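Here the sequence shown is numbered in my numbering, starting from 1 and rising by one per residue.
What follows is a set of notes on a single structure, which appears directly below.
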Amino acid sequence: MSEKPTNDLVAKQAGQTPARPDGRPQLPVVETRRGLFGVRGSGDTTGFGGLVRDVRIGEPSEPPYGSWFDEAIEVLRELLTTDGLDPDAVIQAVVVDRGELTVHIAREHLPRVCQHLRDDQDLRFELCLGVSGVHYPDLEGAELHAVYHLLSITHGGRLIRLEVSCSIEDPHIPSIVETYPANDWHERETWDFFGIVFDGHPSLARSHMPDDWVGHPQRKDYPLGGIPVEYKGATVPPADTRRSYN
């Protein structure tokens, strides 16, 4: 007797994103990994080649989050409400994983959120440790992510991570240099390597690649290229001709 299909299976067959136990949709799958080590076509005899796992950005968490996280999120929500904003529209998801707090923010509200995180006495994240880019080629409409790490010296080294997404077609995210001036260089570097345009940056220009360089080398669809290297009688082929590991 066959078992009744699960709601997740029904949702997948219908082309929908499976819901979480509380009924809210899960964050989308960014890629599907097959096998244990990502190697394909190698005649795997371990049995691990049949493993299939969906990789998500991070499962949204529900309160209570634990530690100081609940207080920080509640204070931020109150400040956004005072601004006349809908906190649920600004804070897209809260993820607590391995003792770390990540808050997904709608990009148009990033400067306001950062200002509150820096200035409010109950938050006081005075230091931004920079911004990093991430490229998810299969995440349609949100392929590019900017990730910020904010540190509170006042509150003994509390660390919060902000994550903001945009699409390849519209790769714009507001600059936060006005709030965190030290982020100037990091935004330039992220623009250089990932092509995220930080609107309002005082001088957005490449930081590593030549000014006339075409493309953004840290995107996953950027060709590896390279030249053959000779070493002690052996030749190492260019990166784009070597065996592919995913």
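Glycine included, C-beta positions come from ideal geometry on N, C-alpha and C.
This one's a predicted model, so the numbers in the text were calculated from it and none came from an experiment.
DSSP-derived helix/strand/coil call for residue i
i	result
Lys4	At Lys4, the pLDDT of 41 sits below 50, so the modelled position is not reliable; the number obtained from the coordinates is stated separately. Three-state DSSP puts Lys4 in coil, outside helix and strand.
Ala205	coil
His155	coil
Gly200	coil
Thr82	helix
Ala142	coil
Val75	helix
Asp70	helix
Gly233	coil
For residue i: DSSP bridge partner residues
i	result
Val105	The question names Val, but residue 105 is Ile in the sequence shown. Partner(s): Ile91.
Cys114	Bridge partners of Cys114: none, in fact.
Pro174	Asp199
Leu127	Leu151
Leu162	Val103 and Tyr148
Proximity of residue i and residue j at Cβ, strictly below 7 Å
i	j	result
Pro171	Phe193	no
Ile153	Ile173	no
Val131	His145	no
His201	Ser175	yes
Leu151	Leu129	yes
Val90	His109	yes
Glu31	Val55	yes
Gln121	Thr179	no
Residue of the options minimising C-alpha distance to residue i
i	options	result
Asp221	Val94, Gly84, Asp138 and Glu59	Asp138
Pro87	Val29, Ala106 and Glu100	Ala106
Arg112	Gly156, Leu162 and Val95	Leu162
Gly225	Pro237, Tyr231, Gly35 and Gly84	Pro237
Leu76	Gly141, Arg53, Tyr136 and Asp119	Asp119
Leu101	Thr81, Trp213, Glu59 and Ser207	Glu59
Ile160	Ser167, Arg98, Glu140 and Arg219	Arg98
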